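Peer 1: The sequence shown begins at 7 in this note's numbering and counts up one residue at a time.
Note that beta-carbon positions come from the ideal geometry of N, C-alpha and C, so glycine has one too.
No experiment lies behind these values; they were computed from the predicted model shown.
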Amino acid sequence: MRAYIVRRLLLGVAVLCGVTLVTFFIARVIPSDPAARWVGGHPTAEQIARARVELGLDKPLYVQYLRYMGDLLRGEWGRSIRTHRPVIADIRAFLPASLELILSGMLIAVAVGVPMGILSATRKDRLPDHGARLLSIGAVSVPTFWLAMLLQLLFFGYLGILPLGGRVDTVVRLTYPIHRITGSYLLDSLLTGNWPVFSNALSHMVLPAVTMAAYPLGLITRMTRSSLLEVMSEEYIVVPRAYGIPRPVVYYRYALKNALGPTITVLGLTFAYSLAETFLVESVFNWPGLGQYASQSILSADYPAIMGVTIVVACTYVIVNLVVDLILAWLDPRIRLEG
């Protein structure tokens, strides 16, 4: 198991090095002058020249890359051209909001998708199976922005029971100040017993979290159903059923554990997909997270910020896939030998 973990860690490091190399050179060939943006206003030629030296843009590309990697390893991610703040400080400020949204969406997807996939497999070709398949196909097929606007129109425009966007109402935030612990409004208000903020933040969370959950929910339901049906046709499942062992015992004690492998793989992939999807969802719901920060950075050609966000997404992708690989290797020891 130790050799398997080492191989996966080395593979993750290679992926991260490749991502930094590609994003660095792509950022440098974008038709934009970061030195002029750094100075702002109507800069003179002398000011732009000084800014180029200050930002290290006067050096050859390979020197810039080596310097960037050295700074990166020391925790210096550069300064945002747009905000003039350290990129790492901006990411620390915006990342908790995105993680709160993504984790809430994944929690909904797993809590609904796995039981619905089990129900669909155990009631094959019956009404619950048809309903679950219809819902999962719809969840995967519906465009995210369309679903987000539909939910806003229904629950804010017509019913008026949920807020349109944002993390918490301004009046509530000013009346009941939030003591920051993790950066998650839900978790921080829960830990400090700030119930007005908790209930208000929870109501703001519902629509964007449901939107985030739609795509992974559909995939998880479909994968749980198909893998469980495949396992249920194996001899070690059919024989106990022939001996009269109750179906729930056979399904949940023997079949489900072996059927969860593909579902866990899909869960890891959809988590990585959610990181990219959150860019769009945060824009629609005015959610002040990393997605909004990245969108504004792209529009202003703020390449230090773009690279910082890219590295965070790549690191998260590598870590999630490493965790998935370890769980799969624990469930099926043959994977350690093959990997």
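1. Give the straight-line distance between the Cα atoms of proline 246 and tyrosine 260, rounded to the nearest whole angstrom.
2. Determine the contact status of glutamate 288 and leucine 107, defining contact as a CB-CB distance below 9 Å.
3. Could you check the C-alpha separation between methionine 155 and threonine 26 for me, to the nearest Å?
4. Mind checking whether threonine 276 and alanine 127 have CB atoms under 9 Å apart?
5. Within 8 Å, do at least three Cβ pairs link the segment 200 to 208 to the segment 136 to 145?
6. To which residues does DSSP link proline 92 through a beta bridge?
7. Out of curiosity, what's the CA-to-CA distance linking tyrosine 68 and leucine 213?
8. What is the DSSP secondary structure of aspartate 308, counted as helix, strand or coil?
9. Cutting at 7 Å between CB atoms, please list the residues of its own chain near leucine 225, excluding the five before and the five after it.
10. So which of His48, Ala335, Met75, Gly18 has the shortest CA-CA distance to proline 310?
11. Measuring only the C-alpha atoms, how far is leucine 296 from threonine 316?
12. Count the CB pairs spanning the segment 316 to 326 and the segment 11 to 27 that are closer than 8 Å, and state whether there are at least three.
13. Would you kindly work out how many angstroms separate the C-alpha atoms of leucine 262 and isoleucine 243, rounded to a whole number?
14. Applying the criterion that 16 or more other CB atoms from any shown protein chain within 10 Å of the CB defines a buried residue, is proline 40 buried or exposed?
15. Do tyrosine 257 and isoleucine 124 count as a contact pair if the criterion is CB distance below 9 Å?
16. Could you pull out every residue in the same chain whose Cβ sits closer than 6 Å to the Cβ of serine 142, ignoring the five residues on either side in sequence?
17. Of the residues Ile270, Pro252, Ser209, which one's Cα is nearest the Cα of glycine 171?
18. Could you check what DSSP says for histidine 48 in three-state terms: helix, strand or coil?
19. Looking at the unbroken alpha helix (DSSP H) that takes in threonine 188, where does it start and where does it end?
20. First and last residue of the alpha helix (DSSP H) that includes proline 134?
21. Leaving out five residues before and five after threonine 89 in sequence, what residues of the same chain have Cβ atoms less than 7 Å from its Cβ?
22. Within this structure, are the beta carbons of valine 290 and phenylalanine 151 separated by less than 9 Å?
23. For the segment 249 to 276, which segments carrying the alpha helix (DSSP H) assignment without a break, of at least 4 residues, lie completely within its bounds, in sequence order?
24. What number of angstroms, rounded off, separates the C-alpha of alanine 207 from the C-alpha of leucine 234?
25. Ordered along the chain, which non-local residues of its own chain (more than five positions away) have a Cβ less than 7 Å from that of phenylalanine 285?
26. Looking at the structure shown, is phenylalanine 291 part of a helix, part of a strand, or coil, going by DSSP?
27. Can you tell which of Cys321, Ser104, Val178 has the C-alpha that lies nearest to the C-alpha of valine 19?
28. Buried or exposed, going by whether 16 or more other CB atoms sit within 10 Å of the CB of serine 104?
29. What is the DSSP secondary structure of asparagine 200, counted as helix, strand or coil?
30. Does the beta-carbon of proline 102 have 16 or more other beta-carbons within 10 angstroms, so that it is buried, or is it exposed?
31. Could you spell out the range, first to last residue, of the alpha helix (DSSP H) harbouring glutamate 27?
32. Using DSSP with H/G/I as helix, E/B as strand and the rest coil, what is glutamate 240?
33. Could you tell me the alpha carbon to alpha carbon distance between isoleucine 184 and proline 252, rounded to whole angstroms?
34. What is the rounded straight-line gap between the Cα of leucine 100 and the Cα of glutamate 283?
35. Please report the distance separating the alpha-carbon of glutamate 241 from that of isoleucine 333.
Peer 2: Taking the coordinates as given:
1. The residue given as residue 246 occupies position 240 in the sequence shown. The residue given as residue 260 occupies position 254 in the sequence shown. If you take the alpha carbons of proline 246 and tyrosine 260, they lie about 10 Å apart.
2. Your numbering for residue 288 matches position 282 in the sequence shown. Your numbering for residue 107 matches position 101 in the sequence shown. Yes, these two residues count as a Cβ contact at 9 Å.
3. As a working mapping, residue 155 is identified with position 149 in the sequence shown. As a working mapping, residue 26 is identified with position 20 in the sequence shown. Between methionine 155 and threonine 26, the C-alpha separation is close to 35 Å.
4. Here the question's residue 276 lines up with position 270 in the sequence shown. Here the question's residue 127 lines up with position 121 in the sequence shown. No, Cβ-Cβ distance for threonine 276 and alanine 127 is not below 9 Å.
5. no
6. Here residue 92 corresponds to residue number 86 of the sequence shown, with the count starting at 1. DSSP, once it has assigned bridges, lists Arg85 as partnering proline 92.
7. Counted from its first residue, the sequence shown places residue 68 at position 62. Counted from its first residue, the sequence shown places residue 213 at position 207. Spanning the two alpha carbons is a distance of roughly 46 Å.
8. Indexing the sequence shown from 1 puts residue 308 at position 302. Coil.
9. Against the sequence shown, residue 225 aligns to sequence position 219. Cβ within range, chain order: Val146, Val272, Thr276.
10. As a working mapping, residue 310 is identified with position 304 in the sequence shown. It is Met75.
11. As a first step, residue 296 is located in the sequence shown; it is residue number 290 there, counting from the start. As a first step, residue 316 is located in the sequence shown; it is residue number 310 there, counting from the start. Taking the straight line joining both Cα atoms gives about 11 Å.
12. yes
13. Here the question's residue 262 lines up with position 256 in the sequence shown. Here the question's residue 243 lines up with position 237 in the sequence shown. Between leucine 262 and isoleucine 243, the C-alpha separation is close to 11 Å.
14. Position 34 of the sequence shown, counting from 1, holds the residue named residue 40. Proline 40 comes out buried.
15. Sequence index remark: in the sequence shown, residue 124 carries index 118 (1-based). Sequence index remark: in the sequence shown, residue 257 carries index 251 (1-based). Yes. Within cutoff.
16. Taking the sequence shown and counting its residues from 1, the one referred to as residue 142 is at position 136. Counting only Cβ-Cβ distances below 6 Å, and skipping sequence neighbours, we find Gly224, Thr227, Arg228.
17. One-based indexing of the sequence shown puts residue 171 at position 165. Ranking Ile270, Pro252, Ser209 by Cα distance to glycine 171 puts Ser209 first.
18. Position 42 of the sequence shown, counting from 1, holds the residue named residue 48. Here histidine 48 sits in coil by DSSP.
19. Working through the sequence shown from its first residue, we reach residue 188 at position 182. Careful: threonine 188 lies outside any alpha helix (DSSP H) and carries neither H nor E.
20. Your numbering for residue 134 matches position 128 in the sequence shown. Residues 133 to 147.
21. Position 83 of the sequence shown, counted from the start, is the residue given in the question as residue 89. Cβ within range, chain order: Asp96.
22. Here residue 290 is taken as the residue at index 284 of the sequence shown, counted from 1. Here residue 151 is taken as the residue at index 145 of the sequence shown, counted from 1. Closer than 9 Å, so yes.
23. 253 to 256
24. Position 201 of the sequence shown, counting from 1, holds the residue named residue 207. Position 228 of the sequence shown, counting from 1, holds the residue named residue 234. One alpha carbon belongs to alanine 207, the other to leucine 234, and they sit about 37 Å apart.
25. Working through the sequence shown from its first residue, we reach residue 285 at position 279. Non-local beta-carbon contacts of phenylalanine 285 in its own chain, meaning distances under 7 Å to residues more than five positions away in sequence, involve Gly297, Ala300, Ser301 in chain order.
26. Mapped onto the sequence shown, residue 291 falls at position 285. In this structure, phenylalanine 291 counts as coil in the three-state DSSP scheme.
27. On the sequence shown, residue 19 is found 13 positions in, with the first residue counted as 1. The shortest C-alpha separation from valine 19 is found at Cys321.
28. In the sequence shown, the residue the question calls residue 104 occupies position 98. Serine 104 should be labelled buried.
29. By 1-based counting over the sequence shown, the position of residue 200 is 194. Asparagine 200 falls in the coil class under three-state DSSP.
30. Reading the sequence shown from its first residue, position 96 is the one you call residue 102. Classification of proline 102: buried, given that the 10 Å Cβ count is 16 or more.
31. Counted from its first residue, the sequence shown places residue 27 at position 21. Residue identity differs from the one stated: residue 27 is leucine in this sequence, not glutamate. Start and end: 8 to 35.
32. Stepping through the sequence shown from its first residue, residue 240 is reached at position 234. Coil at glutamate 240, not helix or strand.
33. Numbered from its first residue, the sequence shown carries residue 184 at position 178. Numbered from its first residue, the sequence shown carries residue 252 at position 246. In a straight line, the C-alpha of isoleucine 184 is about 52 Å away from that of proline 252.
34. Indexing the sequence shown from 1 puts residue 100 at position 94. Indexing the sequence shown from 1 puts residue 283 at position 277. One point to set straight first is that residue 100 is phenylalanine, not leucine, in the sequence displayed. Cα-Cα distance, rounded: 16 Å.
35. On the sequence shown, residue 241 is found 235 positions in, with the first residue counted as 1. On the sequence shown, residue 333 is found 327 positions in, with the first residue counted as 1. Approximately 25 Å between the Cα atoms of the pair.
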